[in-house]
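Numbering-wise, our numbering puts 64 at position 53 of the sequence shown, and it's gapless, one number per residue. Please read the structure below before turning to the comments.
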Amino acid sequence: AYESPTYTTTIVVGTVIFWLLGVAAWVVSCFFSKDRALLRTTVLLATACLWLMWLVTFMSQMYPIIYPNFSSRPDITHT
């Protein structure tokens, strides 16, 4: 029987894929520019930012807020 992957497995696999693509782009980037240091830094920062955005988006969907929970709010009466 097929079991769906856990959140931890999905995050680890997604992280590995992002960093493998980032390393591949980093290696390829050295063939396209005279200023390799700037291009490599840009590629690494872009990879890190995209990974962080993916992680935040993924984790925000783990336990979505379907409707607001007002039970923890203090009782405020408007007079």
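All residues carry an ideal CB built from backbone N, CA and C; glycine is no exception.
Relative to the C-alpha of residue i, which candidate in the options has its C-alpha closest?
i, options, result
"residue 29", "55, 77, 73 and 75", "55"
"residue 34", "16, 68, 51 and 78", "51"
"residue 26", "78, 69 and 73", "69"
Please state whether DSSP places residue i in a helix, a strand or coil.
i, result
"residue 74", "coil"
"residue 29", "helix"
"residue 44", "coil"
"residue 58", "helix"
"residue 68", "helix"
If we ignore side chains and look at the alpha-carbon of each, how far apart do residue i and residue j end up?
i, j, result
"residue 64", "residue 40", "22 Å"
"residue 42", "residue 48", "12 Å"
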